[in-house]
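The structure appears below as structure tokens.
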Ligand SMILES: Cc1cc2nc3c(=O)[nH]c(=O)nc-3n(C[C@H](O)[C@H](O)[C@H](O)COP(=O)(O)OP(=O)(O)OC[C@H]3O[C@@H](n4cnc5c(N)ncnc54)[C@H](O)[C@@H]3O)c2cc1C
Ligand SMILES: Cc1cc2nc3c(=O)[nH]c(=O)nc-3n(C[C@H](O)[C@H](O)[C@H](O)COP(=O)(O)OP(=O)(O)OC[C@H]3O[C@@H](n4cnc5c(N)ncnc54)[C@H](O)[C@@H]3O)c2cc1C
Ligand SMILES: Cc1cc2nc3c(=O)[nH]c(=O)nc-3n(C[C@H](O)[C@H](O)[C@H](O)COP(=O)(O)O)c2cc1C
Ligand SMILES: Cc1cc2nc3c(=O)[nH]c(=O)nc-3n(C[C@H](O)[C@H](O)[C@H](O)COP(=O)(O)O)c2cc1C
Ligand code: FES
Ligand code: FES
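Residue numbers (this note's numbering), protein chains in the order written: chain A, 57 to 328; chain B, 57 to 328; chain C, 733 to 1042; chain D, 733 to 1042.
This is the structure in structure tokens:
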């Protein structure tokens, strides 16, 4: 689970949805098995523009005797992701990973709720796959709330669809599924879940996380969220990816999303 | 013959010799007909690394009603040419051209001698093609001295081979053709040519040009040489590509390789 | 989707007494004397053309090599090669006079007297709309630093030029100083109608094969997007201190870059090195600024200038 | 082709009283406390590890966002978040002590007294081989500039630290000054055993959507290859003036970059931002320097240092 530097060879890089790409990378067998929620820093070796590596969650992972395959699901939002999208089969990228602390699944509760916003589906998909493979967890426990802006942004549901008993797709504009922000839709259902019996896992844009914090309002739900922050090193060295966190005694300090996270307890996050 | 900005689509980009590529670009019909010796500035739009456009001579040019085709023959020597070499069919580049003042062919003499060093063959190839198409010039007048480091560097002779009556290939290491620097080989033959009856056209590295100047030693030969210098703008604005030139009165001034050249009279060049 | 009425926003800006059609001008030394780019863009659409630095006598410039690429930028040591002020007036100005665009003459001197004489001659010529005083050049008499590194000397050059001309005087500042605001304040006090910044940062680079400098002059001026963050910071600092208009320069490649400068308070911008890699950069930047104004429902570019929320 | 005997050249260099295995060290703030990179490279192969800037008390650092990418570089306004000197000694130093590598503590204070106390404590701790004094941080008492922008203050900080320690003292200089050589000379006179330069150039960048700065702190330090030409120029200037060893820092990404600094006269280099994009950068640079020495038939890196031919 500790990061190192690998060459990744692009096996596939397909536009699976408008502006959304699925990249399959083949890398050396020494790549550590990642935990769901972990990510890689990716860049084109030697290229100084864009300059920094880009953090992308591991969407799926597999290995055989000769190599590992890492799948990344990413949305094109700027220069870095644009360049990734342009890579053809056989291109090489440099990957640093797996990085960060993934989701803690040592003591999940009876109900397992997944809430995602947009491309935030990526780490949750791997998490759901991983939980499904555990004998003590059945699909009936797993309920998913994937939110998207619109039908044209719906992505990453292929694997999770059959793994969760309940799929509550919602879109901001109602073009598919329920209309509304995913946090609002979840709020309507919240009474179904006993806080002490429910583990929530969420990933999405900052605004959504904040809204979720308000919905849960410090109840007894346990909610692990994966945060995003601009990153330089990804390894905990630069202190660039700070997020304000409350410690046990309630004191504020800045934690690193890359190495103290990206997964945090929602209750510990201090919103500004 | 005046430069402008065009999108060039890569039709082909083939490694024709170790580290040497032939790139065929398709561009808009409004691209001006180039004169042999003119060049283009080429870059990947939006990419800041490498930052400046790279000057490359036009190796060949043709047009039909719908588009123009520009061929570039280039050697990979650094980052910029490395990136060009990596472009696949369908990639787009930005080209500024045609630029500079090409060879003056208004009054060529009886003997026409071409001397090239390495990739300096590129503009001469186009020149030879162009002269061959003139009814008043026959292949028996045209004698070529193409020099290369070694057999593995021989490139760009396809078109000129059958157009010149005499091909005196030479290599520094003698792996093909005569062994020796092209200027030395030419020097051995120099008595064959009456200076007043001979036009020389040359392109190659600076050291070769300087050696050629010594060989000709201000004789009555007319020798036009195409120079290379690091360039930023290619259009005469930055004053970056300076070369020391003697004017009629013998006074020194700095001329711009890009817009006062790249072709100069060898006699006017001041070597340091 | 509502269709946006693409009513063109007002783009004119005022640099002290000088009115410009729009805030996008060219930077001195990167646009020749205008002619070089006439085939690429319609010069009349520029806010202003700032010509290559003019000295009293023609200058040969430095021996080559004069330029070198760096990461995200370039070094140059052209050494102010130029035709001299008289040849400029005779040979270059007639072309520019025919254009409907503000012409700003960038001037340079080795002595106070040089500045004085160049300013005099340009003020007498028809078709020059403002002077930009380059005080960023190394001055041997001043310990290897430049006129622009000392507030007193900078102020003195400014008042000398002001005394010789009724044209608006823009003073161009060097970034190679501890506190650019002190220089800006000094030249403002000395009568500058505006300040423009930044000129290049001094840098160098070494050829590993020869262990010699890539530039014959050893050091050169660093320009291009690499320096943009420094330029923007300095412009913002100066905007907070002076009340004359500030012209932002340094690494502007795109409309987004230009907008950053306008937002922190620059009244106009100059596009330099970008012209080299994209001769149409100025026009693309102008179009991009307009689009941003339209998208942001801002009807006049002056309403955007200085709207930075620190 | 003759087969090159790959006899490894001598790489040890001497920074005043401090002997380093080789001239490649890490730059403060870009390598954490070493541990962060222990999985990527063998720390024992480094010339030295310079740890994150240490203050007397733990520092929270600045609120996020703290970083932003720029062309060929990045801005950071981490605000010297660090565990404080005591926690460093208790929690971080034991790990470093186990490594066979020179450990240089980068220290930072808001007051003279801070510097004094931090220096005291680190000098009493086992396993610190030198102090690097960061005088490049903004000091509110000094008009928004930094300790490092004023030769007198820089000298005073230096002598205060020198008085408290018998460890070699390296003073790290800021590039945001008119004349870095005057600061270098001042700290040399005050007893610095070496100088290191450059720290970051101050820059900023603006978010067009919000018209707010990308960094919460508004301005930040620019690092990365974008600044290399400026860094190299300053190192060369300082090398010509001082007689203490100079450590070159700024935008070094490759062995070629490092070699440029050594050739102009830096005794060693620090690798900063490069670690972020390539955690193995230091080792690749070290290998590349060796290859260059072998190719150039130079048997000892010290024979390369300062061989610049201006
Ligand atoms: C731990 C982690 C995991 C991530 N996983 C994924 C994933 O699986 N799929 C995916 O598509 N994206 C993911 N992201 C976001 C992804 O890193 C950014 O979209 C990417 O860095 C943007 O780069 P760019 O050059 O294309 O855009 P830029 O031009 O750099 O920026 C475009 C926009 O994206 C925002 N942005 C830039 N970097 C980040 C960042 N690190 N976090 C959040 N917003 C950013 C900018 O503020 C800007 O608004 C993840 C981010 C983190 C921190
Ligand atoms: C008018 C003109 C026409 C040219 N035509 C051709 C051509 O048809 N085919 C071809 O292969 N090359 C040609 N060149 C040379 C070509 O421009 C350079 O090889 C190229 O710019 C190198 O870029 P790079 O990034 O790959 O190398 P860099 O990393 O920039 O440099 C690698 C090496 O090449 C040298 N170099 C860089 N730029 C130039 C330059 N402009 N002129 C000479 N040497 C340079 C450098 O000093 C260095 O030693 C021409 C140059 C000019 C000025
Ligand atoms: C090749 C070159 C020549 C320049 N010549 C001058 C000049 O003559 N006078 C002047 O004031 N500035 C000159 N400059 C500085 C530019 O006008 C501008 O201030 C600087 O390049 C920063 O802007 P940029 O990053 O957009 O290029 C020159 C810059 C370059 C690159
Ligand atoms: C994120 C970050 C944090 C830094 N923190 C410190 C610090 O604590 N003390 C210090 O002296 N320099 C600090 N620096 C400056 C670097 O040590 C170095 O001087 C500078 O980044 C230039 O080198 P580079 O371009 O190789 O990064 C920091 C730089 C960065 C990018
Ligand atoms: S990205 Fe550097 S500490 Fe997190
Ligand atoms: S490259 Fe700019 S003048 Fe020639």
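Using N, Cα and C, we set each Cβ at its ideal position, and we do this for glycine too.
Distance between beta carbons of residue j and residue i, contact taken as under 8 Å
i: residue 222 of chain A; j: residue 200 of chain A; result: 7 Å
i: residue 757 of chain D; j: residue 781 of chain D; result: 7 Å
i: residue 110 of chain B; j: residue 100 of chain B; result: Not a contact, Cβ separation roughly 10 Å.
i: residue 299 of chain B; j: residue 283 of chain B; result: 6 Å
i: residue 281 of chain A; j: residue 258 of chain A; result: 5 Å
Three-state class that DSSP yields for residue i in the structure shown
i: residue 742 of chain C; result: strand
i: residue 251 of chain A; result: helix
i: residue 892 of chain C; result: helix
i: residue 186 of chain A; result: helix
i: residue 318 of chain A; result: strand
i: residue 978 of chain D; result: strand
i: residue 234 of chain B; result: strand
i: residue 783 of chain C; result: coil
i: residue 858 of chain D; result: coil
i: residue 901 of chain C; result: strand
Span of the alpha helix (DSSP H) around residue i
i: residue 972 of chain D; result: 960-973
i: residue 996 of chain C; result: 987-996
i: residue 912 of chain C; result: 912-921
i: residue 826 of chain C; result: 825-829
i: residue 1009 of chain D; result: 1006-1009
i: residue 1021 of chain D; result: 1013-1027
CA-to-CA distance, residue j to residue i, given in whole angstroms
i: residue 1001 of chain D; j: residue 913 of chain D; result: 18 Å
i: residue 822 of chain C; j: residue 814 of chain C; result: 13 Å
i: residue 783 of chain C; j: residue 859 of chain C; result: 12 Å
i: residue 832 of chain D; j: residue 777 of chain D; result: 8 Å
i: residue 734 of chain D; j: residue 226 of chain B; result: Bear in mind that a pLDDT of 49 at residue 734 of chain D, under 50, signals an unreliable position, so the model cannot answer this.
i: residue 170 of chain A; j: residue 314 of chain A; result: 22 Å
i: residue 213 of chain B; j: residue 183 of chain B; result: 13 Å
i: residue 1024 of chain D; j: residue 128 of chain B; result: 33 Å
i: residue 765 of chain C; j: residue 296 of chain B; result: 15 Å
i: residue 1022 of chain C; j: residue 740 of chain C; result: 7 Å
i: residue 725 of chain C; j: residue 948 of chain C; result: Outside the shown range of chain C (733 to 1042) lies residue 725 of chain C, about which nothing can therefore be said.
i: residue 242 of chain A; j: residue 271 of chain A; result: 9 Å
i: residue 73 of chain A; j: residue 946 of chain D; result: 30 Å
i: residue 273 of chain A; j: residue 71 of chain A; result: 38 Å
i: residue 910 of chain C; j: residue 910 of chain D; result: 5 Å
Chain-ordered chain C contacts of residue i [CB-CB under 7 Å]
i: residue 998 of chain D; result: Residues of chain C passing the Cβ test: none, with the nearest at roughly 11 Å.
i: residue 1031 of chain D; result: Going along chain C, no residue has its Cβ under 7 Å from residue 1031 of chain D, so there is no contact; the nearest lies around 17 Å.
Contact set between residue i and chain B, taken where Cβ atoms lie within less than 7 Å
i: residue 956 of chain C; result: 107
i: residue 883 of chain C; result: Ordered by position in chain B, no residue passes the 7 Å Cβ test against residue 883 of chain C, which lies about 31 Å from the chain.
Residue span of the beta strand (DSSP E) that contains residue i, given as start and end
i: residue 1002 of chain C; result: 1000-1003
i: residue 311 of chain B; result: 308-312
Partner residues on chain D for residue i, Cβ-Cβ distance less than 8 Å
i: residue 992 of chain C; result: 937, 938 and 940
C-beta neighbour in chain G for residue i, strict 8 Å
i: residue 309 of chain B; result: Given the protein chain composition of this structure (A, B, C and D), no chain G is represented.
Amino acids of chain C, ordered along the chain, whose beta-carbon sits closer than 9 Å to that of residue i
i: residue 291 of chain B; result: 764, 768, 769, 771, 772, 1007, 1008 and 1011
Partners in chain A for residue i, counting only beta-carbon separations shorter than 7 Å
i: residue 104 of chain B; result: 105
Interface residues of chain A facing residue i [CB-CB closer than 8 Å]
i: residue 144 of chain B; result: 144
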